[in-house]
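Chemist:
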Amino acid sequence: MTANESSSSERQDRNQAAQRQLNCAQPQQLYSAELLRACQLLPKVELHAHLNGCVRPQTIKEILEERFRAGEALAVTEQQLKEVTVTASDRSLGKCFRLFDIIHAITTTHAAISRIACEVVRDFAADRTVYLELRTTPKSRPEYGMTKESYIEAVLQGVEQALEQLRQQRSTQPPPQPQQQQQEQESMEKQEAAMPSAQKGALATASPAEAASVPGTSAAAAAAAAASSYTSACCCPSAASIEEGLNGSGGEGGPGGCLPDVSEGQLGGGAGILVKLLLSIDRREDSRSAMETVELATRYRHRGVVGIDLSGNPSVGSWEVWQPPLAAARAAGLSITLHAGEVVAPRETAAMLAFRPDRLGHCCCLDSELGEQLRASAIPLELCLTSNLLTESVPSYPEHHFAELHAAGHPVVLCTDDSGVFGTTLSREYAIAAAAFNLPVAALHQLVRKSVEYTFASEEEKQRLRDVVERALAACI
Ligand SMILES: [Zn+2]
Numbered sequence: 001m002t003a004n005e006s007s008s009s010e011r012q013d014r015n016q017a018a019q020r021q022l023n024c025a026q027p028q029q030l031y032s033a034e035l036l037r038a039c040q041l042l043p044k045v046e047l048h049a050h051l052n053g054c055v056r057p058q059t060i061k062e063i064l065e066e067r068f069r070a071g072e073a074l075a076v077t078e079q080q081l082k083e084v085t086v087t088a089s090d091r092s093l094g095k096c097f098r099l100f101d102i103i104h105a106i107t108t109t110h111a112a113i114s115r116i117a118c119e120v121v122r123d124f125a126a127d128r129t130v131y132l133e134l135r136t137t138p139k140s141r142p143e144y145g146m147t148k149e150s151y152i153e154a155v156l157q158g159v160e161q162a163l164e165q166l167r168q169q170r171s172t173q174p175p176p177q178p179q180q181q182q183q184e185q186e187s188m189e190k191q192e193a194a195m196p197s198a199q200k201g202a203l204a205t206a207s208p209a210e211a212a213s214v215p216g217t218s219a220a221a222a223a224a225a226a227a228s229s230y231t232s233a234c235c236c237p238s239a240a241s242i243e244e245g246l247n248g249s250g251g252e253g254g255p256g257g258c259l260p261d262v263s264e265g266q267l268g269g270g271a272g273i274l275v276k277l278l279l280s281i282d283r284r285e286d287s288r289s290a291m292e293t294v295e296l297a298t299r300y301r302h303r304g305v306v307g308i309d310l311s312g313n314p315s316v317g318s319w320e321v322w323q324p325p326l327a328a329a330r331a332a333g334l335s336i337t338l339h340a341g342e343v344v345a346p347r348e349t350a351a352m353l354a355f356r357p358d359r360l361g362h363c364c365c366l367d368s369e370l371g372e373q374l375r376a377s378a379i380p381l382e383l384c385l386t387s388n389l390l391t392e393s394v395p396s397y398p399e400h401h402f403a404e405l406h407a408a409g410h411p412v413v414l415c416t417d418d419s420g421v422f423g424t425t426l427s428r429e430y431a432i433a434a435a436a437f438n439l440p441v442a443a444l445h446q447l448v449r450k451s452v453e454y455t456f457a458s459e460e461e462k463q464r465l466r467d468v469v470e471r472a473l474a475a476c477i
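Counting with the UniProt record's numbering, you get residues 1 to 477 for the letters of the sequence shown.
#1: Ser311: beta carbon under 7 Å from a heavy atom of ligand 1?
#2: Measure the CB-CB distance between Thr136 and Val155 and report whether it falls below 8 Å.
#3: For the putative contact between Ala436 and Leu30, defined by C-beta atoms under 8 Å, what is the C-beta separation to the nearest angstrom?
#4: Would you please state the rounded distance, in angstroms, between the beta carbons of Leu444 and Ala434? I believe it to be under 8 Å.
#5: Rounded to whole angstroms, how far is the Cβ of Ile273 from the Cβ of Phe456, which I believe are closer than 8 Å?
#6: For the segment 53-70 and the segment 139-150, state whether three or more C-beta atom pairs, one from each stretch, are separated by less than 8 Å.
#7: Check Arg284 in the structure and name its three-state DSSP category.
#8: In or out: Glu342 buried (at least 16 other Cβ within 10 Å) or exposed?
#9: Return yes when the Cβ of Val45 is within less than 8 Å of the Cβ of Val452, no when it is not.
#10: Could you check if Gly333 is buried or exposed, using at least 16 other CB atoms within 10 Å of its CB as the buried criterion?
#11: Please confirm whether any heavy atom of ligand 1 lies closer than 7 Å to the CB of Asp358.
#12: Per DSSP, what are the beta-bridge partners of Ser335 in this structure?
#13: Using DSSP bridges, identify the partner residues of Gly361.
#14: Does His302 come out as helix, strand or coil in the three-state DSSP assignment?
#15: In the DSSP output, what is Tyr131 paired with across the bridge?
#16: Terminal residues of the continuous alpha helix (DSSP H) containing Leu414?
#17: Look at the alpha carbon of Glu143 and the alpha carbon of Lys462, and state the distance between them as a whole number of angstroms.
#18: CB residue 487 to CB Trp322, shorter than 8 Å?
#19: Taking 6 Å as the limit between beta carbons, can you name the residues of its chain near Gln161, skipping five residues before and five after?
#20: Expressed to the nearest angstrom, what Euclidean distance is found between the alpha-carbon atoms of Ser419 and Lys139?
#21: Quick one: Cα of Leu41 to Cα of Asp358, how far?
#22: Taking the DSSP output, what are the residues bridged to Thr137?
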């Protein structure tokens, strides 16, 4: 390679890195504040969220500090702590898995697991998620007195605590009256207008003109159009309380007074959010360990465990190891979802499609033949835009395979994957999708409606969810 070629290729790399960083660090330039607000008010369904990936960075920091104070020697350096608590703009897949290793290393007590589960449920509720399927890998860590079973118990305890807190919050906060809602909305808009743009945080989105200046993306023009079409799209009440919940107090806050209750029975009971659990098999696990997880899932069905997920480092392990336990899970009546096509692995992806799971996650690296097989299968796909971008599974938001699959009518559902690690929310993913793919408000409503059908909830629960979603969407028109 000549010096000239080298400098030209370096320049290209630098340009690509700069573009990638722009796409990663400032996705909010793609959508307007109005669009994000409209998405925050949508009733939403989250079907692909990992418990440990959704942990608040501040919580990791606090747990770590607590354990340092207690004199515990932990294999986490200050630099590693920084990586967890600072939102990185360029996280490769390898870096993300290192982050998970850090989280894994410090979430070794039952109390920490319960706290994280509680906060994650509250955060989703504050983002107006009406149905959450949370997935987690039960861990056996004898050195910490933790068995897979005690791990599941700790998660359930945290979930139940969150639901109880949400129930109490909803019972003591009556729905705001129309006049009060109007005042809250006006006050919020005034406060926002008065803020310097640098302090507006997630709501500090660019004007359509600024969005249009984002280079190399067809979404720029779409953002301008989407912003104007959403400005008056949603007049659902309690906007202020939701904004407060999302932005004012570290993600806490209730789902707002205007949401009907969806959560009788099982894990809900008046909390405004129905929560189910999926137990994940980590790709590092052997057949025996995977089977143990399946048996536990069967045993915990009465507590809201509805299915099994296969996840973990996509470069590790072999499909033949997990196929028998997954078949046993299906035979036991559990639903199955698989992380598929995160890396190029045509043989494995083909085998996964042939297994016909109830849902698939990601499917970023499919060749045209596998893409055709996927479309023919009509298996619902969990798509996580920011996760796929930050882990470099897709080159940019507008080039995400969501566009093609959605246009082809393939069943898709927008999800966050790891909201804590990737610094996103489900509302934000909807806003990004609306802007990047130029989706009108009716298409967003349809995405929400359809996502109810892809849940692993019972038919009776789905019916309640359909009712709630329709009523909430009607309030948003
Ligand atoms: Zn995932």
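In this text, a Cβ means the ideal position worked out from N, Cα and C, and glycines have one as well.
Modeler: According to the data block:
#1: Taking the first residue of the sequence shown as position 1, residue 311 is located at position 311. Yes, since a heavy atom of ligand 1 falls inside the 7 Å radius drawn around the Cβ of Ser311.
#2: Working through the sequence shown from its first residue, we reach residue 136 at position 136. Working through the sequence shown from its first residue, we reach residue 155 at position 155. Yes, they are a contact pair.
#3: In the sequence shown, counting from the first residue as 1, residue 436 sits at position 436. In the sequence shown, counting from the first residue as 1, residue 30 sits at position 30. Rounded, the Cβ-Cβ distance is 6 Å, consistent with contact.
#4: As a position in the sequence shown, residue 444 is number 444, starting the count at 1. As a position in the sequence shown, residue 434 is number 434, starting the count at 1. Rounded, the Cβ-Cβ distance is 6 Å, consistent with contact.
#5: Taking the first residue of the sequence shown as 1, we reach residue 273 at position 273. Taking the first residue of the sequence shown as 1, we reach residue 456 at position 456. The pair is not a contact, with the Cβ atoms about 16 Å apart (cut-off 8 Å).
#6: no
#7: Taking the first residue of the sequence shown as position 1, residue 284 is located at position 284. Arg284: coil per DSSP, three-state reduction.
#8: For this step, residue 342 is matched to residue 342 along the sequence shown. So Glu342 ends up on the buried side.
#9: As a first step, residue 452 must be located in the sequence shown, where it is residue number 452. As a first step, residue 45 must be located in the sequence shown, where it is residue number 45. Yes, these two residues count as a Cβ contact at 8 Å.
#10: For the purposes of this step, residue 333 is identified with residue 333 of the sequence shown, where counting begins at 1. Classification of Gly333: exposed, given that the 10 Å Cβ count is below 16.
#11: By one-based count along the sequence shown, residue 358 stands at place 358. Incorrect: Asp358 has no Cβ contact closer than 7 Å to ligand 1.
#12: On the sequence shown, residue 335 is found 335 positions in, with the first residue counted as 1. Paired residue(s): Gly307.
#13: Mapped onto the sequence shown, residue 361 falls at position 361. Beta-bridge pairing links Gly361 to His339 and Glu382.
#14: Looking up residue 302 in the sequence shown gives position 302. If DSSP states are grouped into helix, strand and coil, His302 belongs with the helices.
#15: As a working mapping, residue 131 is identified with position 131 in the sequence shown. Answer is Val45 and Leu274, bridged to Tyr131.
#16: Taking the first residue of the sequence shown as position 1, residue 414 is located at position 414. Note, Leu414: premise wrong, no alpha helix (DSSP H); beta strand (DSSP E) at Val412 to Leu414.
#17: If you number the sequence shown from 1, residue 143 lands on position 143. If you number the sequence shown from 1, residue 462 lands on position 462. Roughly 41 Å between the two C-alpha positions.
#18: Any property of residue 487 remains undetermined from this structure, which presents the chain solely from 1 to 477.
#19: If you number the sequence shown from 1, residue 161 lands on position 161. Around Gln161: Cys118.
#20: Position 419 of the sequence shown, counted from the first residue, corresponds to residue 419. Position 139 of the sequence shown, counted from the first residue, corresponds to residue 139. Between Ser419 and Lys139, the C-alpha separation is close to 21 Å.
#21: As a working mapping, residue 41 is identified with position 41 in the sequence shown. As a working mapping, residue 358 is identified with position 358 in the sequence shown. Whole-angstrom Cα-Cα distance: 29 Å.
#22: As a first step, residue 137 is located in the sequence shown; it is residue number 137 there, counting from the start. In the DSSP output, where bridge partners are listed per residue, Thr137 has none listed.
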